[in-house]
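Undergrad:
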Amino acid sequence: MKKIMIIIGIALYQLLAGWPARAQVPVPEPARNMARLVLEDSTYVHVLMGVHGENGDFEEKDIFMPESMLRGTMDAYSRQTLDKVHLFGHFGYSYELGKRSTWRGWIDPYETPFMLADSIPGDISIERYAMQAGMAMPLGNGWSAGLDLSYNVALLAKHKDLRNKNTGMDFRVAPGIHWQGGHMGAGLDLGYERGTEKVEYSQESSSVEHVLFSIYGCWVGQGFGFGSAETKRLKEDDRLFGDFQTDFEWGPVALHNNLGLKWEQERQTETGYNNLQHGTVRAWFWRDDLSLSIGDRHTIDAGFSWCTMQGFKPLQQQELDPDSKIRIWVTYGDPVFCYFRAYHEEYFRYTFGSFWKLSVGAENLRFRHSYTEYPKRFEQRVSMVTPSIRLEIPIGPAWHLSAETGYTINYEEEHDISHWQLPEPLMRQINFWTGDSISSRLTVTWTHGRMTLGADYGMDAATAFDGFRHAASLTASFSF
């Protein structure tokens with residue numbers, strides 16, 4: 000997972016901040032507070048298209064990682080100002096095809112400890128649609144108000160028995176306010192998110208019996224033979240969140256900070272059966288991001304994030320209802336606590352230069368998780384740090400080159416096992432999490448007028464060099 004996080008983090012950094020040609024196109028604030036749109040009066044249409052591919056394998060790799068992957072994306076952003084009303088819109092689409100993927104029972108398998116999955120390698124396709132609309136208007140005396148609405152849909156399908164089809168939806172509404180006075184500003188947004196995902200397992204061939212696994216946490220669960228009938232499960236998430244932004248500018252000094260808090264509750268039920276439940280999750284997330292710039296030559300970015308997650312299993316038994324004469328699931332008492340996850344992450348990056356730019360930084364990640372089924376218990380703690388360095392070099396008026404490399408070091412690991420036979424998937428993840436790795440990326444962009452073309456190549460490898468993971472992207476963006 001840490002190798003994927005490094006690649007994704009670098010790619011997102013380059014997409015949102017690393018290419019000077021894109022800096023001329025205003026991008027929404029990282030927070031969801033659309034009231035901040037009034038801080039910049041601009042009108043534009045920006046279209047970004049790209050293709051991304053990955054290939055290669057490791058001796059020890061993330062079990063969700065396909066052997067190869069190809070993804071195409073298209074995003075369109077728009078900003079308009081009508082009288083005093085500021086409008087923002089975004090539409091995004093992506094299609095991804097992964098080869099020989101296993102255990103991918105959910106679209107985001109790290110989102111919950113309760114999974115329905117199978118171990119048969121197969122090709123998967125993931126299709127995503129993203130829609131967002133924002134509006135803001137000034138209220139006078141430095142105050143402004145805004146509203147953020149978003150609706151996202153994701154579809155996943157596996158093309159080999161056992162076959163799972165997933166349909167996921169996320170909806171968000173977030174009103175916000177902002178105050179700007181002199182050298183200081185502050186904003187607040189509060190919102191609600193609703194997410195659902197439905198997974199359906201089926202089998203086309205009737206000559207072979209496959210095994211479907213119901214997992215409770217840390218890959219502990221049970222497997223059962225799958226016949227010709229379909230198995231369906233529904234995951235529902237409710238989230239409440241809030242973000243608080245502060246800004247300070249005085250001469251060449253500019254300070255921006257965003258503090259976010261989110262509470263989430265999830266529940267999983269079987270569709271088509273009476274009252275059958277599979278688990279509930281409660282989680283807290285807290286994140287703070289700070290950016291300090293002094294002139295155009297010194298920039299410091301730092302942040303901290305923290306999360307705790309608890310998983311509970313219901314105590315249920317199937318009984319015959321005396322009135323309907325139908326067997327239903329009956330719940331006894333409160334759900335039993337069985338799973339715990341906690342992590343915190345810190346990052347720091349210093350960038351020097353205005354023409355040529357040199358960035359040095361580090362990211363520290365510590366996580367632990369545990370599963371308890373009395374009297375058995377498994378607990379794991381892992382800590383890793385990733386120092387990195389990046390160099391950005393403009394070459395003439397049109398070309399831009401950037402190179403970055405990071406080295407992930409596992410400096411602490413602990414496993415508390417009490418008479419426990421660890422499942423094979425968990426053993427593979429332990430070997431993956433506790434190994435050191437190196438990641439590098441090279442990006443070249445060419446800008447002509449309102450058009451930017453880019454290409455980048457990345458390589459990820461364990462320090463033992465027992466395998467390599469290669470990634471390459473091509474992008475084109477246009478501004479109107």
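0 is the number of the first residue of the sequence shown in numbering that gives the first Met the number 0; add one for each residue after it.
A virtual CB, placed ideally from N, CA and C, is assigned to each residue, including glycine.
Please look up how many angstroms separate the CB atoms of MET68 and GLU39, rounded, as I've assumed it's under 8 Å.
TA: Mapped onto the sequence shown, residue 68 falls at position 69. Mapped onto the sequence shown, residue 39 falls at position 40. Wrong, their Cβ atoms sit about 36 Å apart, outside the cutoff.
Undergrad: Can you tell me the Cβ-Cβ gap for ARG70 and HIS51, rounded? I've got them flagged as a contact below 8 Å.
TA: Here residue 70 is taken as the residue at index 71 of the sequence shown, counted from 1. Here residue 51 is taken as the residue at index 52 of the sequence shown, counted from 1. Their Cβ separation, rounded to whole angstroms, is 5 Å, which keeps ARG70 and HIS51 in contact under 8 Å.
Undergrad: Beta-carbon within less than 8 Å of VAL252's beta-carbon, same chain only, minus the 5 sequence neighbours each way: which residues are those?
TA: Position 253 of the sequence shown, counted from the start, is the residue given in the question as residue 252. Closer than 8 Å at the Cβ level, and outside the excluded window around VAL252, lie LEU291, SER292 and ILE293.
Undergrad: Suppose the cutoff is 7 Å on Cβ atoms and the five residues either side in sequence are ignored; what does the same chain contact list for GLY352 look like?
TA: What you label residue 352 is simply residue 353 of the sequence shown in a count that begins at 1. The residues are ARG296.
Undergrad: List in chain order: all unbroken alpha helix (DSSP H) runs of 4+ residues lying wholly within the stretch 317-386.
TA: Within the stretch 317-386, no complete alpha helix (DSSP H) run reaches 4 residues.
Undergrad: Whole angstroms are fine: how far does the CA of SER438 sit from the CA of SER478?
TA: Sequence index remark: in the sequence shown, residue 478 carries index 479 (1-based). Sequence index remark: in the sequence shown, residue 438 carries index 439 (1-based). Taking the straight line joining both Cα atoms gives about 32 Å.
Undergrad: Go ahead and pull the three-state DSSP assignment for VAL207.
TA: The sequence position of residue 207 within the sequence shown is 208, counting from 1. Correct three-state label for VAL207: coil.
Undergrad: So, is ALA22 buried or exposed, given that buried needs 16 or more other C-beta atoms within 10 angstroms?
TA: Taking the sequence shown and counting its residues from 1, one reaches residue 22 at position 23. Unreliable positioning characterises ALA22 in this predicted model, as indicated by a pLDDT of 30, which lies under 50. The coordinate reading is nonetheless provided below. Counting Cβ neighbours within 10 Å, ALA22 comes out exposed, since fewer than 16 surround it.
Undergrad: State the DSSP-derived secondary structure class of ILE62, mapped to helix, strand or coil.
TA: Position 63 of the sequence shown, counted from the start, is the residue given in the question as residue 62. It is coil, neither helix nor strand.
Undergrad: Which value, in whole angstroms, describes the spacing of the CA atoms of ALA116 and PHE212?
TA: Counting from one through the sequence shown, the residue named residue 116 turns up at place 117. Counting from one through the sequence shown, the residue named residue 212 turns up at place 213. So the two alpha carbons sit approximately 5 Å from each other.
Undergrad: So GLU265 packs on LYS312, CB below 8 Å; how close in whole Å?
TA: Taking the first residue of the sequence shown as 1, we reach residue 265 at position 266. Taking the first residue of the sequence shown as 1, we reach residue 312 at position 313. GLU265 to LYS312, Cβ: 13 Å. No contact.
Undergrad: By alpha-carbon positions, which one of ARG35, HIS469 and THR462 ends up nearest to THR245?
TA: Start at 1 with the first residue of the sequence shown, and residue 245 comes out as number 246. Ranking ARG35, HIS469 and THR462 by Cα distance to THR245 puts ARG35 first.
Undergrad: Note the first and the last residue of the continuous beta strand (DSSP E) segment covering GLU265.
TA: Within the sequence shown, the letter at position 266 stands for residue 265. First-last of the beta strand (DSSP E) with GLU265: 252-269.
Undergrad: Sorted by chain position, which residues of the same chain lie with C-beta nearer than 6 Å to GLY453's C-beta, five sequence neighbours on each side aside?
TA: For this step, residue 453 is matched to residue 454 along the sequence shown. Cβ neighbours of GLY453 beyond the five flanking positions: THR444 and THR474.
Undergrad: Between which two residues does the beta strand (DSSP E) carrying MET450 extend?
TA: Taking the first residue of the sequence shown as position 1, residue 450 is located at position 451. Element bounds for MET450: 450-461.
Undergrad: In terms of DSSP beta bridges, what is SER213 paired with?
TA: On the sequence shown, residue 213 is found 214 positions in, with the first residue counted as 1. SER213 pairs with LEU115 and GLN221.
Undergrad: If you draw a straight line from the alpha carbon of ASP455 to that of GLY55, how long is it in whole angstroms?
TA: Start at 1 with the first residue of the sequence shown, and residue 455 comes out as number 456. Start at 1 with the first residue of the sequence shown, and residue 55 comes out as number 56. When rounded, the distance between both Cα atoms is 17 Å.
Undergrad: Does the distance from the CB of VAL91 to the CB of ASP122 come in under 8 Å?
TA: Taking the sequence shown and counting its residues from 1, one reaches residue 91 at position 92. Taking the sequence shown and counting its residues from 1, one reaches residue 122 at position 123. The sequence as given places Gly at residue 91; Val does not occur at that position. Against a cut-off of 8 Å, the Cβ pair of ASP122 and GLY91 comes out as no contact.
Undergrad: Can you tell which of TRP178, GLY167 and ARG31 has the C-alpha that lies nearest to the C-alpha of LEU148?
TA: Position 149 of the sequence shown holds residue 148. Checked all of TRP178, GLY167 and ARG31; the closest Cα to LEU148 is ARG31.
Undergrad: Does the beta-carbon of HIS182 have 16 or more other beta-carbons within 10 angstroms, so that it is buried, or is it exposed?
TA: Locating residue 182 in the sequence shown gives position 183, where the first residue counts as 1. Exposed.
Undergrad: With distances taken from CA atoms, which of THR307, ASP288 and THR101 is nearest ILE299?
TA: Looking up residue 299 in the sequence shown gives position 300. It is ASP288.
Undergrad: Just list the residues that DSSP pairs ILE299 with in beta bridges.
TA: As a working note, residue 299 is residue 300 in the sequence shown. Paired residue(s): LEU291 and TYR349.
Undergrad: Name the residue from ASN430, HIS85, VAL381 and LEU319 whose alpha carbon lies nearest to the alpha carbon of ALA341.
TA: Working through the sequence shown from its first residue, we reach residue 341 at position 342. Ranking ASN430, HIS85, VAL381 and LEU319 by Cα distance to ALA341 puts VAL381 first.
Undergrad: Throw me the rounded Cβ distance for the ARG365 and HIS343 pair, which I believe falls under 8 Å.
TA: Taking the first residue of the sequence shown as 1, we reach residue 365 at position 366. Taking the first residue of the sequence shown as 1, we reach residue 343 at position 344. Sure, about 6 Å apart at Cβ, within 8 Å.
Undergrad: What is the DSSP secondary structure of ASN32, counted as helix, strand or coil?
TA: Here residue 32 refers to the residue found at position 33 of the sequence shown. Of the three classes helix, strand and coil, the one that applies to ASN32 here is coil, per DSSP.
Undergrad: Buried or exposed: LEU11, going by 16 or more other Cβ atoms within 10 Å of its Cβ?
TA: In the sequence shown, counting from the first residue as 1, residue 11 sits at position 12. Residue placement at LEU11 cannot be trusted, given a pLDDT of 33 that sits under 50; what the coordinates show is reported in the next sentence. So LEU11 counts as exposed.
Undergrad: Tell me, please, which residues DSSP counts as bridged to TYR406.
TA: Position 407 of the sequence shown, counting from 1, holds the residue named residue 406. According to DSSP, which records beta bridges pairwise, TYR406 is partnered with ILE437.
Undergrad: Going by C-alpha to C-alpha distance, which of ILE119, ALA132 and TRP355 sits closest to GLY395?
TA: Within the sequence shown, residue 395 is the residue found at index 396, counting from 1. It is TRP355 whose Cα lies nearest to the Cα of GLY395.
Undergrad: Around the Cβ of ARG78, are there at least 16 other Cβ atoms within 10 angstroms (buried) or fewer (exposed)?
TA: Numbered from its first residue, the sequence shown carries residue 78 at position 79. Buried, since its Cβ has 16 or more Cβ neighbours within 10 Å.
Undergrad: Using the three-state DSSP reduction, which class does PHE467 fall into: helix, strand or coil?
TA: As a working note, residue 467 is residue 468 in the sequence shown. Note: PHE467 maps to strand in three-state DSSP.
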